[in-house]
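Notes for the one structure printed next.
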Amino acid sequence: MVTYTIGCVRDRKSMPFTEATIREGLRIETLVPSDVPHKALVDTELLGYKIPKNTIVVPSLYAFHSDTRVWKDPENFRPERFLDSEGKLNLKLDVSLPFGAGKRLCAGETFARNMLFLMTATICQHFDFVLAPGDTLPDLSQNLNGLIISPPDFWVQLQERH
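Taking the numbering used here, I'd label the letters of the sequence shown as residues 414 to 575.
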């Protein structure tokens, strides 16, 4: 019988690279490309655009997460962008919005982040991820975009660590 140790949420603070990897995954592959619609409460101007009162605005999380004015080399997966020079998680460096923003922030964010940490830490602790023979990593520019963003299919194998 194979038994596995499962991490706990308390481990998050002592595993900054794992946490940074999850944050980078949420940034580079934004699952939901748009935030919920917002309504302008007053006439306003944003980046030179006039937005009249009562206009519905739908923020693009995808555009924000891939904006070179916000992120250095946003097309590259770099978890270290969320770490300071000592390798500690620096939340001031994380301006990503994978769960939306403002008053309508996803109510499940804390639960989702905890579950992502537990699953990622446990799986990575016990398995190596290897591309299936003959397969390659997907080209993320070929994602299927709609209500959610889906990358092209690819296969990986999990090889048990000993």
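Using N, Cα and C, we set each Cβ at its ideal position, and we do this for glycine too.
Same chain, Cβ closer than 6 Å to residue i, five either side skipped, listed in chain order
| i | result |
| --- | --- |
| residue 479 | 487 |
| residue 449 | 517 |
| residue 440 | 478, 509 |
Residue i and residue j closer than 7 Å at C-beta
| i | j | result |
| --- | --- | --- |
| residue 519 | residue 512 | yes |
| residue 533 | residue 469 | no |
| residue 446 | residue 536 | no |
| residue 490 | residue 507 | no |
| residue 476 | residue 464 | no |
Boundaries of the beta strand (DSSP E) in which residue i is found, first to last residue
| i | result |
| --- | --- |
| residue 544 | 540–544 |
| residue 569 | 569–573 |
Sequence-distant residues of its chain with Cβ nearer than 7 Å to residue i (five each side left out)
| i | result |
| --- | --- |
| residue 564 | 442, 551, 553, 556 |
| residue 481 | 487 |
Reference residue i; option with closest CA among the options
| i | options | result |
| --- | --- | --- |
| residue 473 | 489, 444, 505 | 444 |
| residue 427 | 501, 507, 483, 524 | 501 |
| residue 422 | 572, 538, 560, 524 | 524 |
| residue 569 | 514, 548, 451, 492 | 548 |
| residue 430 | 546, 503, 545 | 503 |
| residue 455 | 462, 461, 466 | 466 |
| residue 497 | 571, 424, 432, 419 | 432 |
Boundaries (first-last residue) of the alpha helix (DSSP H) holding residue i
| i | result |
| --- | --- |
| residue 431 | 429–441 |
Chain-order list of residues whose beta-carbon lies under 8 Å from that of residue i (same chain, five-residue window excluded)
| i | result |
| --- | --- |
| residue 574 | 538, 539, 540, 541 |
| residue 566 | 551 |
| residue 485 | 494 |
Cβ of residue i within 7 Å of any chain B Cβ
| i | result |
| --- | --- |
| residue 529 | Chain labels in this structure do not include chain B; a single protein chain is all it has. |
Complete runs of the alpha helix (DSSP H) confined to the segment 458–499 [at least 4 residues] = The qualifying runs are 474–478.
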